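Just so you know, the sequences run in chain order A and B. Each residue of the first sequence is one higher than the one before, starting from 1 at the first, in the numbering used here. Each residue of the second sequence is one higher than the one before, starting from 1 at the first, in the numbering used here. C-beta atoms are modelled at their ideal positions from N, C-alpha and C, and glycine is treated no differently. Remember, predicted model here, so these are calculated numbers, not experimental data. Down below is the structure, laid out as structure tokens.
2 protein chains.
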Amino acid sequence: MERETSAQRWSMDEEDAASDLKTVSPGRSLLSSAMVGSANRGRVLQTLFDLGPTSRAELARLAGVNRTTISGIVQPLLDQQVLVEGKPIRPSESGGKPARPLWFSPEARPICGMLLMPDAVHTCLVTLAGTISAEESEPFPVERPRIADVERAIELCTARTLAAARREPLGIGVAVGGMVDTDRRAVIAVNLAPVLNGFELGDMLTRRFGLPALLDHHPRALLVGDRWFGKGRGLQTFAAVYTGEVLGGALYLGGHLYRGQSGAGGELGHTFVQVDGDICSCGRRGCWETIATLGWLRRQAREIGIDAPDDIHSRRLVELARDGAPGAEDLLDRYARNVAVGIANLQQTVAPNFYVLHGDVVGGGEIMAKAIARHVRALVPSRSGGEISFAIGETEDRAALLGAAGLVLSELLQFPL
Amino acid sequence: MERETSAQRWSMDEEDAASDLKTVSPGRSLLSSAMVGSANRGRVLQTLFDLGPTSRAELARLAGVNRTTISGIVQPLLDQQVLVEGKPIRPSESGGKPARPLWFSPEARPICGMLLMPDAVHTCLVTLAGTISAEESEPFPVERPRIADVERAIELCTARTLAAARREPLGIGVAVGGMVDTDRRAVIAVNLAPVLNGFELGDMLTRRFGLPALLDHHPRALLVGDRWFGKGRGLQTFAAVYTGEVLGGALYLGGHLYRGQSGAGGELGHTFVQVDGDICSCGRRGCWETIATLGWLRRQAREIGIDAPDDIHSRRLVELARDGAPGAEDLLDRYARNVAVGIANLQQTVAPNFYVLHGDVVGGGEIMAKAIARHVRALVPSRSGGEISFAIGETEDRAALLGAAGLVLSELLQFPL
DNA sequence: AATGTTTGTGCGAGCCTCATACTAACAAGT
DNA sequence: ACTTGTTAGTATGAGGCTCGCACAAACATT
């Protein structure tokens, strides 16, 4: 793999090595012509993501700009092999020159996606078209791992994946199964893996591999994965909700990933839905997490005498309900309602109107999703604010890796105005 | 009052009458040079709002741009008498030419603010510097008012206020004590005043007075009032929370007023904090509104035998607690905690980290605010995400009228990129 | 073979910011 | 009184970007 001088944006000139991911931060200052260029390039690429292969003329129409403008933006990207022209598509019956659809080149620089869990690290390459390759993983030592062991495992795993890249990746995106400081690009805390607490993974990766590296917590990664490669494609505002052993959420608002101050926000698991209710792992009482996680489901399953209650999850619950196991249908309904409560609160608060469901409930398929949707609609006062829709996310690992890559894409495409 | 041809932005040329508030909607298309101009002009004016009177050189430094750029932006605004140069300020001891601070001219076009309540309408003029004048109000008929009566009252009130304007106002902003469709600029529903349901007030005002008119619901108006004229001045992200007979909230996220799809969002009153709890006015159970409004406070006051429990509110409660009335201190604490629960949830969800309190609790002053703050901090899991701060908003009417004007300002200053 | 339609590309104009150079207005020291 | 140093604001030309217009290329239809 040929290593170029530095990580670059999709800049006009390959030499423009200064425009690193990190150096771009016009923040809340004024706009300049150069920024207009970057921003518009980002928007054109976004529309391309949202629509799939599209001709220049079509892009111009959609964006409401002159065709020459699109040509000017797109030409350098073709030269850099970020984009390629597809086969001409036959014109409509009214005639005309065939359009050449533009799409991301297989030769375009890929993105390295990483999933950091308490017990292992997974890495892969993701093309701009969303295909995953060069998957690798490396477990951490089970017994009292030291930080050096963990670092070595991560390095090993990453190096193997990067070795498979034909061009230098645009960056490394990391989805962390725990709390993250997105500004410092460091892990704050990972449940069950205290060795990772305070680990400055972002700096480590940049130092070791010379690539821009971005960290974010797992639900936020899922969201951006959905935005660029999944069910949230093309949407301006939606939410992702993860359920399982824990609860998490993330928000895409007005065309931007919303993080909150220094990456707080989306900590839905510890919102109160039952003041003075059951005790939560966080020490407080009545958190949403106490009624909408697998822990709650297991307890209830045991109570009503379901087989192997410790192995219960949405998929099995749906099967049990289908087979008429006593109490299963009712339990499924109550579980769905508990999940719906938190979503209803989110709807009332920020009204994203569209939710991508991740985690355990994905196993429950359409039946689970429909049950949740029904309860949410019942729990939200009707209003003119449009319909509330739901979608089921990708399967667990794929969603997380695409999401990790999505973190880098979000940064590249969203020129901060 | 001299009426100009049409409502205008702060455009370069007075003749540029086409650039109405409504016609400006580049939406999610690309940027052009002309938009850069508008956007930058907006940002300069924003910084001026945020900092108070400031010289060109200082503005240039803060925005990180060339001084000539600021001059170029500011000169037309001086010509149009939007801005004026203040008295030269003495240079520092290192010498130098004295700076001429820029500030909003008293001759600048004002904004008309309107507050629409179930029983009456209030109007006023607000200068860009935030001073209120020409206050008027007009009650609605008490017995079975017809829509024509209401329309006449609003017209009368507005006409009296507008007659006092020396230049044509930039627009009319309306804070509505009820649900609003911000897209259609119409009232959806006002509690206790069904006559207003579906009233297309925005169109009516534009038709009648030839001015752009914007509607939004009360808490959102309070928020933008805080943003431009109050405690939220200069902030990029914060929230406003209104408590009283009802509960409401609004969000300013990443430098933009957040509305949610077609103006839903911020309906905090009907988020669940007590699943299957007390019945709420919306017919559901356990809404935040059931434990953090004056209704709850009255019930509790009666239960513990406080004098005149139907007249209880934060101010009296604080006084009673200070005077050692039995149970008052405890009730105050419980009330504060109930309010804090919803704020804690909001903090966990979007993490604005800063809250401006409005409504009843304002009467409770520092004591009430501190109690709420204490409870919120206790209810939010500690995290690196920075400190959570609180501020007390302006008094009721003033806040609402400034907020109504702020709606227009938000639209003028926030060029949609 | 002619006409109409659509795609993509030069070219100059217009708008905006930027860097440089210049003038104006002050303080401090000789 | 005069010089030096510092800061504020302005004039001027260069460079980026989008836009409108005109034009060639490539198709369908008649």
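Do we get a CB-CB distance below 8 angstroms when we pair T69 of chain A with the residues of chain B? On the first sequence, position 69 is the one that residue 69 of chain A refers to. Yes, because at least one Cβ of chain B sits closer than 8 angstroms to the Cβ of T69 of chain A.
Would you kindly report the start and end of the unbroken alpha helix (DSSP H) that includes M368 of chain A? On the first sequence, residue 368 of chain A is found 368 positions in, with the first residue counted as 1. G365 to L379 is the extent of the alpha helix (DSSP H) around M368 of chain A.
Chain B contact for G386 of chain A (CB, 8 angstroms cutoff): As a position in the first sequence, residue 386 of chain A is number 386, starting the count at 1. Yes, G386 of chain A counts as interfacial toward chain B.
Give a yes or no on contact between the region 324-331 of chain A and the region 277-295 of chain A, applying the rule of three or more CB pairs nearer than 8 angstroms. no
Endpoints, the alpha helix (DSSP H) within which P219 of chain A is located: Taking the first residue of the first sequence as 1, we reach residue 219 of chain A at position 219. P219 of chain A -> alpha helix (DSSP H) spans H218 to F229.
How do the region 284-291 of chain A and the region 395-415 of chain B stand: do at least 3 beta-carbon pairs fall below 8 angstroms, yes or no? no
Residues that T421 of chain B contacts on chain A, provided the C-beta gap is smaller than 8 angstroms: Coverage of chain B is limited to positions 1 through 417, which leaves residue 421 of chain B absent and any answer about it impossible.
With 16 other CB atoms within 10 Å as the buried threshold, where does I111 of chain B fall? If you number the second sequence from 1, residue 111 of chain B lands on position 111. Classification of I111 of chain B: buried, given that the 10 Å Cβ count is 16 or more.
Ordered list of beta strand (DSSP E) runs contained in the region 58-123 of chain B, each at least 3 residues: 83-85, 102-104 and 111-116
Under 8 angstroms between C-beta atoms of I70 of chain B and R41 of chain B: By 1-based counting over the second sequence, the position of residue 70 of chain B is 70. By 1-based counting over the second sequence, the position of residue 41 of chain B is 41. No.
Between which two residues does the beta strand (DSSP E) holding G359 of chain A run? Stepping through the first sequence from its first residue, residue 359 of chain A is reached at position 359. Note, G359 of chain A: beta strand (DSSP E), F354 to G359.
Could you check where the beta strand (DSSP E) with G173 of chain A kicks off and where it finishes? Translated into the one-based positions of the first sequence, residue 173 of chain A becomes position 173. Note, G173 of chain A: beta strand (DSSP E), I172 to V176.
Endpoints, alpha helix (DSSP H) assigned at S410 of chain B: Position 410 of the second sequence holds residue 410 of chain B. From DSSP, the alpha helix (DSSP H) with S410 of chain B extends over E396 to L413.
Spatial neighbours of E136 of chain A in its chain, beta-carbon cut-off 6 angstroms, leaving aside the 5 residues before and after: Here residue 136 of chain A refers to the residue found at position 136 when the first sequence is read from its first residue. Result list for E136 of chain A: T123, C157, R160 and T161, in chain order.
How would you list, in chain order, the residues of chain A whose beta-carbon sits under 8 angstroms from the beta-carbon of A292 of chain B? Taking the second sequence and counting its residues from 1, the one referred to as residue 292 of chain B is at position 292. Those within 8 angstroms of A292 of chain B in chain A number zero; the least Cβ separation is about 11 angstroms.
Taking one C-beta from the region 253-269 of chain A and one from the region 176-189 of chain A each time, how about it: are there three or more such pairs within less than 8 angstroms? yes
Say whether chain A places a C-beta atom closer than 8 angstroms to the C-beta of A399 of chain B. Residue mapping note: residue 399 of chain B aligns to position 399 of the second sequence, counting from 1. Not closer than 8 angstroms to any Cβ of chain A, the Cβ of A399 of chain B fails to qualify, so no.
To the nearest angstrom, report how far apart S314 of chain B and G177 of chain B are at their CA atoms. Taking the second sequence and counting its residues from 1, the one referred to as residue 314 of chain B is at position 314. Taking the second sequence and counting its residues from 1, the one referred to as residue 177 of chain B is at position 177. Roughly 21 angstroms separates the two Cα atoms.
Does the separation of the CB atoms of A153 of chain B and H218 of chain B fall below 8 angstroms? The residue you call residue 153 of chain B lines up with position 153 of the second sequence. The residue you call residue 218 of chain B lines up with position 218 of the second sequence. Their beta carbons are not under 8 angstroms apart, which means A153 of chain B does not touch H218 of chain B by this criterion.
Can you tell me whether G406 of chain A is buried or exposed, with buried defined as 16 or more other CB within 10 angstroms of its CB? Taking the first sequence and counting its residues from 1, the one referred to as residue 406 of chain A is at position 406. Label assigned to G406 of chain A: buried.
Could you check whether the region 232-239 of chain B touches the region 199-215 of chain B, counting it as contact only if at least three pairs of C-beta atoms, one from each stretch, sit closer than 8 angstroms? no
Can you list the residues of chain B that N353 of chain A reaches, using a CB-CB cut of under 7 angstroms? The residue you call residue 353 of chain A lines up with position 353 of the first sequence. Those within 7 angstroms of N353 of chain A in chain B are Q261.
Determine the extent of the beta strand (DSSP E) in which G249 of chain B is found, giving its start and end residues. One-based indexing of the second sequence puts residue 249 of chain B at position 249. Segment L247 to L253, the beta strand (DSSP E) holding G249 of chain B.
Nearest to F49 of chain B by alpha carbon, out of B:D119, B:G130 and B:Y258? Locating residue 49 of chain B in the second sequence gives position 49, counting from the first residue. Taking only the C-alpha atoms, the option nearest F49 of chain B is B:G130.
Chain B contacts made by the region 27-46 of chain A, where a contact means CB separation under 7 angstroms: R28, S29, L30, L31, V36, A39, N40 and R43
Sorted by chain position, which residues of the same chain lie with C-beta nearer than 8 angstroms to N353 of chain B's C-beta, five sequence neighbours on each side aside? In the second sequence, residue 353 of chain B corresponds to position 353, counting from 1. Only T237, F238, Q347, G385, G386, E387, I388 and S389 meet the Cβ criterion.
Determine the DSSP secondary structure at L278 of chain B, reduced to helix, strand or coil. Residue mapping note: residue 278 of chain B aligns to position 278 of the second sequence, counting from 1. Going by the sequence as given, residue 278 of chain B is Asp instead of Leu. Note: D278 of chain B maps to coil in three-state DSSP.
Interface residues of chain A facing Q275 of chain B [CB-CB closer than 7 angstroms]: By one-based count along the second sequence, residue 275 of chain B stands at place 275. Correcting the residue identity first, residue 275 of chain B is Val in this sequence and not Gln. Result: V273, Q274 and V341.
So R337 of chain B and H375 of chain B are supposed to be a Cβ contact under 8 angstroms. How far apart are they, rounded? Translated into the one-based positions of the second sequence, residue 337 of chain B becomes position 337. Translated into the one-based positions of the second sequence, residue 375 of chain B becomes position 375. About 5 angstroms; that satisfies the 8 angstroms criterion.
Extent of the continuous beta strand (DSSP E) run through T243 of chain A: Here residue 243 of chain A corresponds to residue number 243 of the first sequence, with the count starting at 1. It spans F238 to T243 - the beta strand (DSSP E) in which T243 of chain A sits, taken as one unbroken run.
Look at the alpha carbon of P416 of chain B and the alpha carbon of P416 of chain A, and state the distance between them as a whole number of angstroms. Counting from one through the second sequence, the residue named residue 416 of chain B turns up at place 416. Counting from one through the first sequence, the residue named residue 416 of chain A turns up at place 416. Rounded to the nearest angstrom, the two C-alpha atoms are 14 angstroms apart.
Put I388 of chain A into one of helix, strand or coil per three-state DSSP. In the first sequence, residue 388 of chain A corresponds to position 388, counting from 1. Looking at I388 of chain A - three-state DSSP - the assignment turns out to be coil, as it is neither helix nor strand.
Within chain B, the residues that R377 of chain A reaches when beta carbons sit closer than 7 angstroms: By one-based count along the first sequence, residue 377 of chain A stands at place 377. Near R377 of chain A there are no residues of chain B at all, since even the closest Cβ is about 13 angstroms away, more than 7 angstroms.
Among B:L257, B:G269, B:G225 and B:I343, nearest to T127 of chain B - alpha-carbon criterion: Residue 127 of chain B sits at position 127 when you count from the first residue of the second sequence. T127 of chain B has its Cα closest to that of B:G225, out of B:L257, B:G269, B:G225 and B:I343.
I'd like the list of long-range same chain contacts for M117 of chain A, defined as Cβ closer than 6 angstroms, with 5 residues on each side in sequence excluded. The sequence position of residue 117 of chain A within the first sequence is 117, counting from 1. Taken in chain order, the residues that qualify are G177.
For T418 of chain B, decide whether its Cβ has a neighbour in chain A, counting only Cβ atoms nearer than 8 angstroms. With chain B covering 1 to 417 only, the question about residue 418 of chain B has no answer from this structure.
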